[in-house]
């Protein structure tokens, strides 16, 4: 009991200490620098606090009312190019630098900023509304004057809160009372940990025994709790009642907690609030995932830097040709302003709007229903994936377990022989009213057990050793209470935190031993004859990823016999069960068939053995320091020389169309790596079954290595293999990455497929990170469970599958799909189209800006390098908006091949991996086209104009608009009706606006035949050679897709 000594004397000291240091310490806590401390919380007395706690307010907003505008503007202008355009616009307030009307610079910048501010404002308002809804939810609070209503945001640490069925838990609480007869409640935790199965929670025994809930305020009791932390699966604390004789001390664990954001699934509960606001487990676990910037955006950014360099060079050349005369530095700034169109301000807006269109198309695709785009900034990434990293369970497989095999050592029962198991169970319970297990243990050891009794022992162990609870629901004919009383089969649903356990219990029901009832302290089984067997649950040791096993101690009510049952993975159970010569071999055989294997064992305990164990176990559970270690040590004292009963084999079936999807991805040049927490044999079998590894490929199973020397030898052995898939365990992987990271990754990247088994969630993310660093290629991660979130967030594009393990992975992902097979279409069709369309759009927007800049350069050089703008006022704004915006933006609807062809020939996707649609080569081609067309239009207008300068403007601007419309038509590969509408609409807008542009264009001149033939000739000379070149290229060097469309 030494661990409990500090609890009582420290309380008063802590309060004094808190008062003395509050000035500094609380300030540090507010600043986020103070260390969180353990706390003592008095039931129903929030005023007795020993430190300041945050308000219970959920706030997901990025800004508040005062920081919104400065924050948004700062985030925009921290990027060089936005700042560049701001400085350009501001320079127009200086008279020496002004080139035209102010609105020609401020309107485009204002439009871009307005779009961003409106988008951010809409997101903030949505966020504020959601937060306000959560913070304003009303709850009942137990107070001295009875039950009072209180808002979620007004709840304090120490309050006693009543939460009804289907209501959200408002803060992290300790479970004190429930209205359920069985003295426990179920929680839905899918919003916290992503798991859809219900969790069983137990109230503090001392408070559950009180006659009414209001008695909680009459007792002197407190909870001592650990400091707030991020771990949602563990909790250490103690409950103390001071006014009883003797004082009551109870240990508290995760089973006594009700975390915020979970939902009560049964009964009404009362809890005491422990943590609020930013100290909630759910809030501390909400990490902001890294903001993903697409490779395409980085490439466009790089091109705009090149354009900026060109802008500076052209300006310097213009001033140099003037021999740096006069105030040449002012002339440089004027030329920088004059040629600022070289960097198109509309590029960012066009690309962002394009991404929104691609996201809408993905959501609307009827071939992949239920697909959600959560990150609309990176759809182009889907078109260039080189490595796909996938989870196994629930992603490639269905996470639907089917019981396939029962192995007793000398005999095995498969699906075709389950009727034999049923007949053994039936014979046991019909020969005599007393099952053989109820006879004295001495007889069982002396007489060699019959096969029936061995089968019965195994089935009974499987029926008792689990965490499954049968729940009865009304089915329209029978109501819930009646169904529960009569154990109605048609109304029964099994709830558990693992589908494996449900499969096992459903199988025992199919062979005759049915789990019909369970509460906190007892379990009921029904025999084939309808007899109810009652068992008292004395202790339960839940499954954890560290222990890889679960155990239960039960007492048979009819005989008083105490039995310890345990089941777990073969790697840990091999050292716990008595020596045998078949366990390892049979586990390997079953794993090779793709079955998930569990080893089941038991141990009979005398009353004295159990009492001794219980005393040590309770003592260990009351520890505050190293509790889990002390508890594990006590349990391990029981786990020795257990009797091996059987092996169970459960199969997780493949999802539909996994094989063709993986084949499509492989043909597209994507390498698939499977990262799973499952054992090596099961993972290897699933890889073969799913055709991740083809029948002709060898598999190199990387031996278990523990040090540098072993890793070196094994890597050398692997180096000698060619074209073979690699299978490696998480432990060996860790050793290899520690000593030979570069060599291992180099070899692994050459493999056609890689399977990593026994992988921890952090290892999955590490592998993704290493692939990105070592190869520089794009990665895509696919998963369905909470353990895949870190991998999904680390990958260049994360895809979540909505599966049995809940929605946590799909909520954290950039794209969410309902089935793995939808991934093929997402990449081959939508990824390919998004990338090709954005590449065409970005280059066309750059071409549009370079054309007008080239014309300005020609104009200035002809007129003695004067820094005078060619087009002023509305012309310059209208050019990049209403006159050309719609046709250029309509390129987001273009496609080179039909979606069916893209799916049929995944090799088309392979072409994109080299990044050819947007490269320095294609960029240079577009730059040359822009210079050619801009020069032709300007020189043509200068040659053909006769009398007035205003005629140059009319001829060149009209030719420029027509050239842009014709170039869009030349670029389009598949016409859409909206593209035709866009072309005609833009032309109509230009013709209609000529009436209002008399300030810049001579309206009478454009109605003459002279104007028409000059514009026609200039436009033909600028566009016709490009049409001829396109035809010749198609004729003599057609692209790969053109062969499929002909």
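In the working numbering, the protein residues as written are 40 to 1085. C-beta: ideal position from N, C-alpha, C; glycine also. In this text the structure is predicted, and so the values were computed from the model without any measurement.
### Bridge-paired residues (DSSP) for residue 574
Within the chain shown, the letter at position 535 stands for residue 574. Paired residues: 562, 595.
### Query
Which whole-angstrom value is the C-beta distance of residue 574 and residue 589, which I expect to be below 8 Å?
Counting from 1 along the chain shown, the entry for residue 574 is found at position 535. Counting from 1 along the chain shown, the entry for residue 589 is found at position 550. Not a contact, Cβ separation roughly 16 Å.
### Query
First and last residue of the alpha helix (DSSP H) that includes residue 699?
In the chain shown, the residue the question calls residue 699 occupies position 660. Residues 697-706.
### Message
Below 8 Å on the Cβ atoms is my contact criterion, and I expect residue 447 with residue 497 to pass it. Report the Cβ-Cβ distance as a whole number of Å.
### Response
Translated into positions along the chain shown, residue 447 becomes position 408. Translated into positions along the chain shown, residue 497 becomes position 458. Correct: roughly 6 Å between the Cβ atoms.
### Query
For residue 710, which three-state DSSP category applies?
Here the question's residue 710 lines up with position 671 in the chain shown. Strand, per DSSP.
### Task
Enumerate in chain order the residues of its own chain whose CB-to-CB distance from residue 878 is below 6 Å, with the five nearest sequence positions on each side excluded.
On the chain shown, residue 878 is found 839 positions in, with the first residue counted as 1. Cβ within range, chain order: 956, 957.
#### Entry: Helix, strand or coil at residue 904 according to DSSP, with G and I counted as helix
Against the chain shown, residue 904 aligns to sequence position 865. Residue 904: coil per DSSP, three-state reduction.
### Query
In terms of residues, what are the limits of the alpha helix (DSSP H) holding residue 781?
Taking the first residue of the chain shown as position 1, residue 781 is located at position 742. Unbroken alpha helix (DSSP H) run through residue 781: 780-789.
### Task
With DSSP as the reference, please indicate the residues paired to residue 825 in a beta bridge.
Looking up residue 825 in the chain shown gives position 786. None, per the DSSP bridge assignment.
### Message
Can you look up residue 269 in the DSSP assignment and give me helix, strand or coil?
### Response
Translated into the one-based positions of the chain shown, residue 269 becomes position 230. Residue 269 falls in the coil class under three-state DSSP.
### Query
Which residue's Cα is closest to the Cα of residue 431: 970, 800, 1030?
Within the chain shown, numbered from 1, the residue matching residue 431 stands at position 392. Of the listed residues, the one whose Cα sits closest to residue 431 is 800.
### Message
If you reduce the DSSP assignment to three classes, tell me which class residue 394 lands in.
### Response
Start at 1 with the first residue of the chain shown, and residue 394 comes out as number 355. Helix, per DSSP.
### Query
Count the other CB atoms within 10 Å of the CB of residue 127; is the residue buried (16 or more) or exposed (fewer)?
The residue labelled residue 127 in the question sits at position 88 within the chain shown. The residue in question, residue 127, is buried, as its Cβ has 16 or more Cβ neighbours within 10 Å.
### Query
Which word fits residue 679, buried or exposed, when buried means at least 16 other C-beta atoms lie within 10 angstroms of its C-beta?
Translated into positions along the chain shown, residue 679 becomes position 640. It is exposed - the Cβ of residue 679 has fewer than 16 other Cβ atoms within 10 Å.
### Spatially closest choice to residue 492 from 964, 684, 1003, 885, by CA coordinates
Numbered from its first residue, the chain shown carries residue 492 at position 453. Among 964, 684, 1003, 885, the Cα nearest to that of residue 492 is on 684.
### Task
Starting from residue 224, follow the alpha helix (DSSP H) in both directions and report where the run begins and ends.
Walking along the chain shown from the start, residue 224 turns up at place 185. Residue 224 -> not in any alpha helix (DSSP H); beta strand (DSSP E) instead, spanning 224-227.
### Message
Which of the three DSSP states is assigned to residue 447 in this structure?
### Response
What you label residue 447 is simply residue 408 of the chain shown in a count that begins at 1. DSSP places residue 447 in coil when its eight states are reduced to three.
### Query
Are the beta-carbon atoms of residue 821 and residue 806 separated by less than 9 Å?
For this step, residue 821 is matched to residue 782 along the chain shown. For this step, residue 806 is matched to residue 767 along the chain shown. No.
### Query
Should residue 367 be labelled buried (16 or more other beta-carbon atoms within 10 Å of its own) or exposed?
For the purposes of this step, residue 367 is taken as the residue at position 328 of the chain shown. Counting Cβ neighbours within 10 Å, residue 367 comes out exposed, since fewer than 16 surround it.
### Task
Taking only the alpha-carbon atoms, compute the straight-line gap between residue 412 and residue 859 and give it to the nearest angstrom.
Locating residue 412 in the chain shown gives position 373, where the first residue counts as 1. Locating residue 859 in the chain shown gives position 820, where the first residue counts as 1. Approximately 16 Å between the Cα atoms of the pair.
### Query
For residue 932, which of 875, 967, 968 has the nearest alpha-carbon?
Working through the chain shown from its first residue, we reach residue 932 at position 893. Answer by Cα proximity: 875.
#### Entry: For residue 314, the nearest candidate out of 968, 390, 981, 97 (CA to CA)
Within the chain shown, residue 314 is the residue found at index 275, counting from 1. Minimum Cα distance to residue 314 is reached at 97.
### Query
From residue 641 to residue 255, what distance separates their C-alpha atoms?
In the chain shown, counting from the first residue as 1, residue 641 sits at position 602. In the chain shown, counting from the first residue as 1, residue 255 sits at position 216. Rounded to the nearest angstrom, the two C-alpha atoms are 41 Å apart.
### Query
So residue 348 is in the beta strand (DSSP E); what residue range does that whole segment cover?
The sequence position of residue 348 within the chain shown is 309, counting from 1. Per DSSP, residue 348 belongs to no beta strand (DSSP E); it is in the alpha helix (DSSP H), 334-360.
### Task
Compute the Euclidean distance between the alpha carbons of residue 346 and residue 924, then round it to the nearest angstrom.
Counting from one through the chain shown, the residue named residue 346 turns up at place 307. Counting from one through the chain shown, the residue named residue 924 turns up at place 885. Taking the straight line from one Cα to the other gives about 21 Å.
### Query
Where does residue 538 fall in DSSP's three states?
As a working note, residue 538 is residue 499 in the chain shown. If DSSP states are grouped into helix, strand and coil, residue 538 belongs with the helices.
### Query
Going straight from the alpha carbon of residue 70 to that of residue 180, what length do you get?
Taking the first residue of the chain shown as position 1, residue 70 is located at position 31. Taking the first residue of the chain shown as position 1, residue 180 is located at position 141. The predicted model places residue 70 with a pLDDT of 39, which falls under 50 and marks its position as unreliable, so this point remains unresolved.
#### Entry: Three-way DSSP call (helix, strand, coil) for residue 685 in this model
Counting from 1 along the chain shown, the entry for residue 685 is found at position 646. Strand.
### Query
Cβ-heavy atom distance between residue 1035 and the ligand ZN below 8 Å?
Among the components modelled here there is no ligand, and therefore nothing to report on the ligand ZN.
### Query
What's the C-alpha gap between residue 8 and residue 402?
Beyond the ends of the chain as shown, which are 40 and 1085, falls residue 8; an answer cannot be given.
### Cα-Cα separation between residue 372 and residue 355, rounded to whole angstroms
Position 333 of the chain shown, counting from 1, holds the residue named residue 372. Position 316 of the chain shown, counting from 1, holds the residue named residue 355. About 10 Å.
### Task
Please say whether residue 323 and residue 268 have beta carbons closer to each other than 9 Å?
In the chain shown, the residue the question calls residue 268 occupies position 229. In the chain shown, the residue the question calls residue 323 occupies position 284. Cβ distance < 9 Å, so residue 268 and residue 323 count as in contact.
### Query
Looking only at its own chain, which residues have a Cβ that is under 8 Å from the Cβ of residue 370, when we skip the five neighbours before and after it?
Counted from its first residue, the chain shown places residue 370 at position 331. Result list for residue 370: 357, 358, 361, 906, in chain order.
### Message
Can you look up residue 922 in the DSSP assignment and give me helix, strand or coil?
### Response
In the chain shown, residue 922 corresponds to position 883, counting from 1. Coil, per DSSP.
#### Entry: Cβ-based burial, residue 1070 [other Cβ within 10 Å; buried from 16]
Looking up residue 1070 in the chain shown gives position 1031. That one is exposed.
#### Entry: Residue from 310, 540, 783, 490 whose Cα sits closest to the Cα of residue 755
Here residue 755 refers to the residue found at position 716 when the chain shown is read from its first residue. Here the closest residue by C-alpha is 783.
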